[in-house]
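Visitor:
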Amino acid sequence: MHHTLIGRSACVYNYNVRRANCKEHFEKNGGGLYNQTNMANNEVTLETLTSLAKRRGFVFQASEIYGGLAGFWDYGPYGVELVNNLKQYWWQKFVREQPNVYGIDGAIIQNTKLWKASGHIDGFNDPLVEDTVTRKRYRADHLAGVDTNDIKKLNELLKGKKSPDGNPLGEVRTFNMMFKTYVGALEDEDSVVYLRPETAGAIFTNYELVRDTTRSKVPFGVAQIGKGFRNEISPREFLFRVREFDMLEMEYFTRPSLAEADFKRWKEFCWNFLLEIGVSKDKMVWYQHKDDERAHYAADSWDIQYKFFGGDPKELWGIANRTDFDLKAHSKASGKDLSYFDPESNERFTPYVVEPAIGLGRMFLSVLDSAYTEEKVGNETRIVLKFKPEIAPVKVAVLPLSKKPDLSSLSEKVYKEIVQKTGWNIEYDETQSIGKRYRRQDEIGTPYCVTIDFESLEDGQVTIRERDSMKQTRVAIADVINHLKPS
RNA sequence: GCGGGUGUGGUAUAACGGUUAUUAUUCCAGUUUUCCAAACUGGCGACGAGAGUUCGACUCUCUCCACCCGCACCA
Numbered sequence: 024m025h026h027t028l029i030g031r032s033a034c035v036y037n038y039n040v041r042r043a044n045c046k047e048h049f050e051k052n053g054g055g056l057y058n059q060t061n062m063a064n065n066e067v068t069l070e071t072l073t074s075l076a077k078r079r080g081f082v083f084q085a086s087e088i089y090g091g092l093a094g095f096w097d098y099g100p101y102g103v104e105l106v107n108n109l110k111q112y113w114w115q116k117f118v119r120e121q122p123n124v125y126g127i128d129g130a131i132i133q134n135t136k137l138w139k140a141s142g143h144i145d146g147f148n149d150p151l152v153e154d155t156v157t158r159k160r161y162r163a164d165h166l167a168g169v170d171t172n173d174i175k176k177l178n179e180l181l182k183g184k185k186s187p188d189g190n191p192l193g194e195v196r197t198f199n200m201m202f203k204t205y206v207g208a209l210e211d212e213d214s215v216v217y218l219r220p221e222t223a224g225a226i227f228t229n230y231e232l233v234r235d236t237t238r239s240k241v242p243f244g245v246a247q248i249g250k251g252f253r254n255e256i257s258p259r260e261f262l263f264r265v266r267e268f269d270m271l272e273m274e275y276f277t278r279p280s281l282a283e284a285d286f287k288r289w290k291e292f293c294w295n296f297l298l299e300i301g302v303s304k305d306k307m308v309w310y311q312h313k314d315d316e317r318a319h320y321a322a323d324s325w326d327i328q329y330k331f332f333g334g335d336p337k338e339l340w341g342i343a344n345r346t347d348f349d350l351k352a353h354s355k356a357s358g359k360d361l362s363y364f365d366p367e368s369n370e371r372f373t374p375y376v377v378e379p380a381i382g383l384g385r386m387f388l389s390v391l392d393s394a395y396t397e398e399k400v401g402n403e404t405r406i407v408l409k410f411k412p413e414i415a416p417v418k419v420a421v422l423p424l425s426k427k428p429d430l431s432s433l434s435e436k437v438y439k440e441i442v443q444k445t446g447w448n449i450e451y452d453e454t455q456s457i458g459k460r461y462r463r464q465d466e467i468g469t470p471y472c473v474t475i476d477f478e479s480l481e482d483g484q485v486t487i488r489e490r491d492s493m494k495q496t497r498v499a500i501a502d503v504i505n506h507l508k509p510s
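Residue numbering for the first sequence follows the working numbering, starting at 24 and increasing by one per position.
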């Protein structure tokens, strides 16, 4: 035949020789795997990605059957696998592989004093008034020329006053970014608590306990993965701006004199981490915050931005030099001295903090966006999520060529063997044609398919099909796992 | 929170104030020794929610909800 053979196994060859209609099918479809695979497109729109995410069980709208709830999303079966792999990979790199970084898992609700000391209660409770004509918003305390969050007082002070455009003002309202709830039976002012707006709080309050129990010296780091909550005014753009989200965050406590060098080191580290999990380098850029853009605690702040959906770069990973702001604030508010005595230099100082913090949803989106690929195979287009094998939600799919009982039972054995020896999330699929099943796995980014055919019953060999190259290799069943290890 | 746009099976869509709501695809079952979304047969599955107008509303009106875009917000 005149076909170019690409990674064609002996098995495939035999089939084609034996079955003429199989060959016809390939030709009708433009040659199938006999043709070169051409890159068609790897730019993806928000619409394409959201519908793929829903269609294949990565992300669903929260409470969908009740009409949803703005700013909240649920991860589906494949989404949670991907998300767990990302968390695990982050934990491996930021905690386990770092000799002086330790993990904690803090409570979501903390003593309200913590948020007062950290500046979040003042920083999050902006009293705003609206110009009733232009609809522009102003800080009520700024217009009134006072420093207070007291709504009653501000309303009195602003009575009869006009906006800078000369229009009447509306009522003063507080725009509170923190979710409020109550602890205990009584819902009064004293029982008010907040869902944490960032995870770092618990790290600062546990800073001395961690240092003590791990017998650490500065510099050392404390890392945490957990939920944070922000009552965003308008959640937007799928998972990009949401009201409940996981944060992956580390506070690296260091000497003030080393802060700049450590800051630089962790910046590099984060950048490389993203490359390792498959985020496209050509869609990543650095951005340094300007003076007026920085958070109240930060001395220097850089973002790794990502060009989501082919658009303008937006924040993906923030790395901030928080200086000694937090430890000093908590020292003052709690009355506990959080300074550190350095036995080497015989100096006492309050450590500086370098903080790399990334939202899981944004990491998830950037990985999905980077992995999304459309390729021409013959006349058809296949959608492939080219996840790195380490983070792919499904590592292997076991596919019997037909539903015949003897093939099924052998395939189930292979399935059990792989899942029990590796602990991977793998899948078994015997419905519809083999080509369709390859497409299904391509679409969720499974790096390997193991196909069991009728010859496997005789020679004890199976076919391993690779996602990216579509290459097929024939190997002995006993040897399969060795061929599946992420290269 | 303001302004604009959009809501029909899982996904993508068509039409209409009036029979059983169109089509494709996905999905499921079956046939086929089925290796890259083959074919054939059969099947499940939808008008975002609530009010109102009307003999009758997926269609018209109102309210709400969600999503997208622009502002504002993003400590």
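C-beta: ideal position from N, C-alpha, C; glycine also. Only a predicted model underlies this, so the values are computations on that prediction, with no experimental measurement involved.
Sort out for me which residues DSSP pairs TRP114 with in a bridge.
Guide: As a first step, residue 114 is located in the first sequence; it is residue number 91 there, counting from the start. DSSP, once it has assigned bridges, lists no residue as partnering TRP114.
Visitor: Note down the Cα distance separating SER389 from SER303, rounded to an integer number of angstroms.
Guide: Numbered from 1 along the first sequence, position 366 holds the residue referred to as residue 389. Numbered from 1 along the first sequence, position 280 holds the residue referred to as residue 303. Roughly 8 Å separates the two Cα atoms.
Visitor: Considering only residues of the same chain and omitting the five flanking positions on each side of TYR310, which have a CB-CB separation below 6 Å?
Guide: Reading the first sequence from its first residue, position 287 is the one you call residue 310. Excluding residues within five positions, the ones whose Cβ falls inside 6 Å are ASP326, GLN328.
Visitor: Where are the beta strand (DSSP E) runs, 3 residues long or more, that stay fully inside the segment 219-289, in chain order?
Guide: You should have 243-252, 267-277.
Visitor: Please list, in chain order, all residues of the same chain as LYS508 whose beta carbon is under 7 Å from its beta carbon, the five residues on each side excluded.
Guide: Here residue 508 corresponds to residue number 485 of the first sequence, with the count starting at 1. None.
Visitor: Quick check on ILE487: does DSSP put it in helix, strand or coil?
Guide: By 1-based counting over the first sequence, the position of residue 487 is 464. Strand, per DSSP.
Visitor: Relative to the C-alpha of ALA130, which residue among TYR363, GLY224, PHE202, VAL67 is closest?
Guide: Here residue 130 corresponds to residue number 107 of the first sequence, with the count starting at 1. When each option's Cα is compared against that of ALA130, the closest is GLY224.
Visitor: How would you label ASP269, buried or exposed, when you count the other beta carbons within 10 angstroms and need 16 or more for buried?
Guide: Position 246 of the first sequence, counting from 1, holds the residue named residue 269. Looking at its Cβ environment, which holds 16 or more other Cβ atoms inside 10 Å, ASP269 is buried.
Visitor: By Cβ distance below 8 Å, which residues in the same chain neighbour GLY468 in space, the five residues on each side in sequence not counted?
Guide: One-based indexing of the first sequence puts residue 468 at position 445. Same-chain partners within the cutoff: ALA394, VAL407, LEU408, LYS409, PHE410, ALA415, PRO416, VAL417, ARG490.
Visitor: Does the segment 244-264 come into contact with the segment 341-353, if we say contact requires no fewer than three beta-carbon pairs (one atom in each stretch) closer than 8 Å?
Guide: The answer is no - the segment 341-353 does not touch the segment 244-264, with fewer than three Cβ pairs under 8 Å.
Visitor: When the distance is taken between beta carbons, is ARG385 closer than 8 Å to PHE263?
Guide: As a working mapping, residue 263 is identified with position 240 in the first sequence. As a working mapping, residue 385 is identified with position 362 in the first sequence. Yes, Cβ-Cβ distance for PHE263 and ARG385 is below 8 Å.
Visitor: Taking only three categories from DSSP, how would you classify THR469?
Guide: If you number the first sequence from 1, residue 469 lands on position 446. In this structure, THR469 counts as coil in the three-state DSSP scheme.
Visitor: What residue range does the beta strand (DSSP E) around THR135 cover?
Guide: In the first sequence, residue 135 corresponds to position 112, counting from 1. THR135 -> not in any beta strand (DSSP E); alpha helix (DSSP H) instead, spanning 135-140.
Visitor: Whose C-alpha, out of THR73, LEU361, LEU109, GLN115, is nearest the C-alpha of TRP96?
Guide: Numbered from 1 along the first sequence, position 73 holds the residue referred to as residue 96. When only C-alpha atoms are compared, the closest one is THR73.
Visitor: Going residue by residue through the segment 293-377, where are the continuous beta strand (DSSP E) segments of at least 3 residues, counting only ones entirely within it?
Guide: List check, beta strand (DSSP E) in window: 307-311, 323-329, 337-346, 363-365, 370-372.
Visitor: Please go through the same chain and pick out, in chain order, the residues whose beta-carbon is closer than 6 Å to the beta-carbon of GLY333, but skip the five residues on each side of it.
Guide: What you label residue 333 is simply residue 310 of the first sequence in a count that begins at 1. The answer, listed in chain order, is GLU66.
Visitor: Indicate whether the contact test is met: 3 or more Cβ pairs, each with one atom in the segment 274-289 and one in the segment 368-381, closer than 8 Å.
Guide: In short, these stretches touch, since the Cβ pair count reaches three.
Visitor: Can you check the segment 389-472 for any beta strand (DSSP E) of at least 3 residues that lies completely inside it and give the ranges in chain order?
Guide: Complete beta strand (DSSP E) runs here, min 3: 395-400, 403-408, 419-423, 449-451.
Visitor: Between which two residues does the beta strand (DSSP E) carrying ASP164 extend?
Guide: Counted from its first residue, the first sequence places residue 164 at position 141. Run containing ASP164: none in the beta strand (DSSP E); it sits in the alpha helix (DSSP H), 163-167.
Visitor: With DSSP as the reference, please indicate the residues paired to TYR125 in a beta bridge.
Guide: Working through the first sequence from its first residue, we reach residue 125 at position 102. In DSSP, TYR125 forms a bridge with VAL245.
Visitor: So is LYS355 buried or exposed if we call it buried at 16+ other beta carbons inside 10 Å?
Guide: In the first sequence, counting from the first residue as 1, residue 355 sits at position 332. Exposed is the call here.
Visitor: Name the two residues that bound the continuous alpha helix (DSSP H) containing THR68.
Guide: Stepping through the first sequence from its first residue, residue 68 is reached at position 45. No alpha helix (DSSP H) holds THR68; DSSP gives it neither H nor E.
Visitor: What separation, rounded to the nearest whole angstrom, lies between the Cα atoms of LYS184 and ALA163?
Guide: Indexing the first sequence from 1 puts residue 184 at position 161. Indexing the first sequence from 1 puts residue 163 at position 140. Going from the Cα of LYS184 to the Cα of ALA163 covers about 11 Å.
Visitor: For PRO412 and LYS77, I'd like the C-alpha separation in whole angstroms.
Guide: For the purposes of this step, residue 412 is taken as the residue at position 389 of the first sequence. For the purposes of this step, residue 77 is taken as the residue at position 54 of the first sequence. If you take the alpha carbons of PRO412 and LYS77, they lie about 22 Å apart.
Visitor: Would LEU518 be called buried (16 or more neighbouring beta carbons within 10 Å of its own) or exposed?
Guide: No statement about residue 518 is possible, as the shown extent of the chain runs from 24 to 510 and does not include it.
Visitor: Could you give the DSSP three-state label for ILE144: helix, strand or coil?
Guide: In the first sequence, counting from the first residue as 1, residue 144 sits at position 121. In this structure, ILE144 counts as helix in the three-state DSSP scheme.
Visitor: What residues match up with ALA380 in a beta bridge as DSSP calls it?
Guide: The sequence position of residue 380 within the first sequence is 357, counting from 1. ALA380 pairs with GLU272, GLY341.
Visitor: When the Cα of PRO516 is compared with those of PRO242, TYR125, GLU120, VAL215, which residue comes out closest?
Guide: There is no way to answer for residue 516, as the model of the chain reaches only from 24 to 510.
Visitor: Exposed or buried, ALA380, counting other C-beta atoms within 10 Å across all chains shown (16 or more means buried)?
Guide: As a first step, residue 380 must be located in the first sequence, where it is residue number 357. Classification of ALA380: buried, given that the 10 Å Cβ count is 16 or more.
Visitor: Measuring only the C-alpha atoms, how far is ILE500 from ASP482?
Guide: Start at 1 with the first residue of the first sequence, and residue 500 comes out as number 477. Start at 1 with the first residue of the first sequence, and residue 482 comes out as number 459. Each residue's Cα considered, the two are about 9 Å apart.
Visitor: Give me the Cα-Cα distance between ILE144 and PHE117, rounded to the nearest whole angstrom.
Guide: As a position in the first sequence, residue 144 is number 121, starting the count at 1. As a position in the first sequence, residue 117 is number 94, starting the count at 1. Roughly 30 Å separates the two Cα atoms.
Visitor: Nearest to PRO220 by CA position, among PHE296, GLU255, PRO470, is which residue?
Guide: What you label residue 220 is simply residue 197 of the first sequence in a count that begins at 1. When only C-alpha atoms are compared, the closest one is GLU255.
Visitor: Return the residue from the list ARG79, GLY102, THR228 that minimises the CA-CA distance to LYS351.
Guide: On the first sequence, position 328 is the one that residue 351 refers to. When each option's Cα is compared against that of LYS351, the closest is THR228.
Visitor: Candidates TRP113, VAL503, GLY401: which alpha carbon is nearest PHE292's?
Guide: Reading the first sequence from its first residue, position 269 is the one you call residue 292. Of the candidates TRP113, VAL503, GLY401, the one whose C-alpha sits nearest the C-alpha of PHE292 is TRP113.
Visitor: Assign PHE7 to buried or exposed, taking buried as 16 or more other Cβ atoms, counted over all protein chains shown, within 10 Å of its Cβ.
Guide: Residue coverage of the chain in this structure runs from 24 to 510, which leaves residue 7 outside it and unanswerable.
Visitor: May I ask which residues mark the beginning and end of the beta strand (DSSP E) holding PHE95?
Guide: Translated into positions along the first sequence, residue 95 becomes position 72. Premise fails: PHE95 is in no beta strand (DSSP E) and is neither H nor E.
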